[in-house]
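Encoded as structure tokens, the structure appears first; notes follow it.
Residue numbers (my numbering): 1 to 174.
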């Protein structure tokens with residue numbers, strides 16, 4: 001199945017809605033997949049592990065730059081152990097650059113919280129259709145805390161809207 005990436009509304013039943021009050025950035029993209037058994041967490045792990053190298057390199061540049069402002073080095077998006085079993089992940093475990101907030105078969109909630117902003121990311125897996133597909137929705141909510149967070153999001157917000165569809169194209173490869 002050739003991936004048809006599209007912007008979409010936040011899933012109505014998503015836990016990400018609780019993070020919307022005070023949000024300064026909201027983004028949601030979805031794609032239909034024919035791998036119906038993979039959990040939301042496994043989809044997220046696969047997506048992060050397949051982040052294009054140029055995006056991961058930009059993350060390295062980001063880490064070097066933000067250290068000058070006292071922000072944390074998040075590491076690499078691709079720092080994922082695909083051999084680790086989904087059931088071994090617990091709330092508050094690190095998953096790549098994020099912290100696991102919630103994990104259900106149909107939704108995983110990840111976050112990165114820092115002094116300048118909080119980023120919440122959910123990956124939702126819809127119910128299976130009669131055609132044997134599911135819709136995967138990747139949603140992001142950012143809440144900035146100060147001027148540094150707002151300044152940080154000036155280039156990151158538009159860039160995020162470009163890299164998410166590029167990353168989601170890889171979902172069909174697994």
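Just so it is clear, CB atoms sit at the ideal spot from N, CA and C, and this is done for glycine as well.
- Partner residues in the beta bridge of residue 103, as assigned by DSSP, are 108.
- Residue 122 is positioned such that its CB atom lies closer than 7 Å to that of residue 14.
- Distances from the CA of residue 119 to each of 97, 125, 127 were compared; the closest alpha carbon is that of 97.
- The beta-bridge partner set that DSSP reports for residue 136 consists of 31, 125.
- A straight line joining the alpha-carbon of residue 43 with that of residue 171 spans about 7 Å.
- Closest in alpha carbon position to residue 104, among 91, 68, 140, 82, is 91.
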